[in-house]
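Chains as they are written, first to last, in the working numbering: chain C, 45 to 429; chain H, 3 to 206.
Everything on this sheet refers to the single structure shown next.
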């Protein structure tokens, strides 16, 4: 299953957004145009559905309250609305449609209340869930929670809750992995990849070895002198470690631990591991960071290959990027979202027919779409006084 | 004596073809640098600078697609500066470099595991060599090629994500230039010219 359409109202810097999504979607835009905010919608839905410590109130609170979440341009209408359509594949009609809207109470306790929660299933004439219902009107406190976060209320659409909950977000920060002492607390859901080693340690041995073998095959090509990757538990401390051997003047090469890996090697390793970890929506934040352009250029093909080997070609991956090298690939023009900041919040759009025509004539998205994300006046950047 | 050369290709395939032409000459070469221009316009923009490199530093081989131009010689002369260096060699593949690839029908049929009968006898006269090539890949028995070289259904991209790496692999490891030259006249003309460029530089 994958998300094929996303509609937003007043979500962070998007006053209105309505875009189609495909199994690989690339989100491009200038700095501060809202690429991460767009990915955050899916993390928000995941946070609502989390079995331990989830829920709407917590998800909003974690983001600094509704005032931080709501679009600054939302002056008269202060309701936030999220609509998501889920289909079997990118070109088929939605199976599930989920809508959630909420806004501040505006008086009394100033709680955030659900103003609408609707679930529709293809083939059913009436909606599976429509809130607020009779009970909600009697007991307003019910509106502080969504139905999707509650096992008792979501039994008819558990699939949707499970789907949201399985979402993975990755923005691996190599420094956090290398210097575990800097941040001992792992943020929920491990967005920065600090817990990568623990994840690897928890995986059953056979699966782990198969995955590491695939990673090794890719790294061999990308990292010079790299030749073997293995997992080891420190005999004294019991801590898990990754070891890589590099070809060397010594016959057996030199074994190095993850804290000696380069930032790029670690990011690539994290990316390749996460691709293999589950079959649900994967959000990748700027996978090109710390990597050489020649490697970045192969990221789209690498993602396809790993997923094909996993028999998970249909897995949805949403990627934010600035990278020219990545977008020089013959990427499907329909799978690119362009974010353009405007006076009334950021506008998100897919390529128009002219741009699609240019790309089918053989121009790459880097030539057709990327220049449109360059901020205006950037050529004057060096001239400020 | 090793000859150091500078290579510029319009795209990755052109670059790989240039490399293969240099290796085919039999002269010991060392490619100082390769530039993949990424399109006709950036390729043409580099011509003046490459002419200077040829004049002052080392021999240069530039390879590009001629596209739909009627006569490659007229086209090349219009691209070159008025006083081109003798050490600058520019070769244009009639229509597209894909035609040169298709011209080795034996090699490509081995590479893609397809019948030799599918190949056009004179690929340089094909109106769209790339489409002809993709049509052949569609019938390939190698699933990897079908999945990675062909565009996804309905996609706007003309080729798949792995098109370049598989084409480069073919040119490096399977392509027989002499066999291809018998079916591609513009390639046949390129072979002695590239060899002459290197021989002059080697001083033989």
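Think of the CB as a built atom: it goes at the ideal place given N, C-alpha and C, for glycine as much as any other residue.
Source: prediction; values computed, not measured.
- Just measuring C-alpha positions, the residue of 392/C, 234/C, 254/C and 124/C sitting nearest residue 328/C is 234/C.
- In summary, residue 281/C is exposed, with fewer than 16 beta-carbon neighbours lying within 10 Å of its beta-carbon over all protein chains present.
- In terms of Cβ geometry, residue 382/C and residue 344/C do not form a close pair [threshold 9 angstroms].
- At a cut-off of 9 angstroms between beta-carbon atoms, residue 373/C makes contact with chain H.
- DSSP places residue 289/C within a strand segment (E or B) once states are collapsed to three.
- Here residue 156/H really is in contact with residue 135/C; their C-beta atoms are around 7 angstroms apart, less than 8 angstroms.
- Interface criterion not met: the Cβ of residue 180/C is under 9 angstroms from no Cβ in chain H.
- Excluding its 5 nearest sequence neighbours in each direction, residue 399/C has C-beta neighbours in its own chain below 6 angstroms: 412, listed in chain order.
- Contacts with chain H at 9 angstroms (Cβ-Cβ) include residue 342/C.
- Around the beta carbon of residue 70/H, fewer than 16 other beta carbons sit within 10 angstroms, so the residue counts as exposed.
- When 9 angstroms is used as the limit between beta carbons, residue 377/C is near these residues of chain H: 157, 158 and 159, in chain order.
- DSSP places residue 60/C inside the beta strand (DSSP E), whose first and last residues are 58-64.
- Only residues of its own chain outside the window of five on either side were considered, and among them 245, 283, 284 and 285 have a CB closer than 8 angstroms to the CB of residue 277/C, listed in chain order.
- By the criterion of a C-beta distance shorter than 7 angstroms, residue 122/H is surrounded in its chain by 104, 128 and 134, once the five residues flanking it on both sides are discounted.
- For residue 137/H, the enclosing alpha helix (DSSP H) begins and ends at 131-140.
- Here the alpha carbon of residue 122/C sits roughly 53 angstroms from the alpha carbon of residue 140/H.
- Counting the other CB atoms within 10 Å of its CB gives residue 242/C a total below 16, which places it among the exposed residues.
- Look at residue 45/C here: in three-state DSSP terms it is coil, with no helix or strand label.
- The secondary-structure analysis by DSSP pairs residue 87/H with nothing; it has no beta-bridge partner.
- Residue ranges of uninterrupted alpha helix (DSSP H) with 4 or more members, entirely inside the segment 39-63 of chain H and ordered along the chain, are 42-47 and 49-58.
- In this structure, the beta-carbon distance from residue 212/C to residue 346/C does not fall below 9 angstroms.
- For residue 105/C, there are no CB contacts under 7 angstroms within the same chain when 5 residues up- and downstream are skipped.
- The CB of residue 135/C comes closer than 9 angstroms to the CB of 155 and 156 in chain H, given here in chain order.
- Taking a Cβ-Cβ threshold of 7 angstroms, the residues of chain C close to residue 40/H are 372, in chain order.
- Apart from sequence neighbours up to five positions away, the residues of its chain that approach residue 84/C with a beta-carbon distance below 8 angstroms are 56 and 107, ordered along the chain.
- Looking at 373/C, 90/C, 63/C and 273/C, the one whose alpha-carbon comes closest to that of residue 192/C is 90/C.
- When C-alpha distances from residue 67/H are compared across 168/H, 96/H and 196/H, the shortest belongs to 96/H.
- Here the segment 15-25 of chain H does not lie against the segment 379-393 of chain C, with fewer than 3 beta-carbon pairs under 8 angstroms apart.
- Contact check for residue 158/C against residue 178/C fails: the beta carbons are separated by 9 angstroms or more.
- If you draw a straight line from the Cα of residue 138/H to the Cα of residue 74/C, it is about 41 angstroms long.
- Around the beta carbon of residue 108/H, a 10 Å sphere encloses fewer than 16 other beta carbons of the protein chains shown; the residue is thus reported as exposed.
- In terms of beta-carbon proximity, residue 162/H lines the interface with chain C, with at least one pair separated by less than 9 angstroms.
- Taken atom to atom, the span from the alpha-carbon of residue 231/C to that of residue 353/C is near 30 angstroms.
- For residue 165/H, the chain C residues whose Cβ falls inside 8 angstroms of its Cβ are 374, in order along the chain.
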